[in-house]
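What follows is one structure encoded as structure tokens, with my remarks underneath.
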Amino acid sequence: MDAVVKEVAEEGKRLIDRAWLGELSRDQAVHMFVQVGDGMVRYETALIIIDDGVRRLTVNARRLRILRWCTLLEIPVFGAFAGLAVLLGDYTTAGLSVLFLLILQVIHRAMLPHPQAVPRQPK
25 MDAVVKEVAE
35 EGKRLIDRAW
45 LGELSRDQAV
55 HMFVQVGDGM
65 VRYETALIII
75 DDGVRRLTVN
85 ARRLRILRWC
95 TLLEIPVFGA
105 FAGLAVLLGD
115 YTTAGLSVLF
125 LLILQVIHRA
135 MLPHPQAVPR
145 QPK
């Protein structure tokens, strides 16, 4: 039974990915999920699962897109500030630039999407 549940869950993930990529419509993904579930997944439940999965992928993709641009821009900008400050002899500004760069790196690492823990049912 566990193998069947795992297979249905994996197929649900694939259907969510395909729906998010636009290969399937929402209704097609829900219909296919109900068919794969073969009585284990009701239509309303499949609808909620597909919608939540697509929404989570959209939010994480937006967050990663913002992080990518920030990472691409902040190292050259703060690195240039630090380098220019060192060339001009302003070591305080150079230190602050490096400090801000390190703080932003820590913040961005904390902003990465983390997989949500799924609570286990007590046996």
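Position in the sequence shown counted from 1, then plus 24, gives you the numbering used here.
Idealized CB from N, CA, C, for every residue including glycine.
Fair warning: this is a prediction, and the values are worked out from it, not measured in the lab.
1. Which of the three DSSP states is assigned to GLY63 in this structure?
2. If you measure between the beta carbons of ARG50 and ASP75, is that distance less than 9 Å?
3. Leaving out the 5 sequence neighbours to the left and right, which residues in its chain are closer than 7 Å to MET135 when beta-carbon positions are compared?
4. Following a CB-centred definition, is ILE131 positioned closer than 8 Å to any heavy atom of the ligand ZN?
5. Which whole runs of the alpha helix (DSSP H) in the region 71-137 are 4 residues long or more, in chain order?
6. Any idea what DSSP makes of LEU39, helix, strand or coil?
7. Short check: CB of ALA70 to CB of VAL58, under 9 Å?
8. If I'm right that VAL32 touches GLY61 with Cβ under 8 Å, what's the distance once you round it to whole angstroms?
9. Can you grab the Cα-Cα spacing for the pair ASP41 / ILE99, in whole Å?
The structure says:
1. coil
2. yes
3. ARG87, LEU91
4. What this structure holds is no ligand at all, so the ligand ZN is not there to describe.
5. 115-135
6. helix
7. yes
8. 5 Å
9. 33 Å
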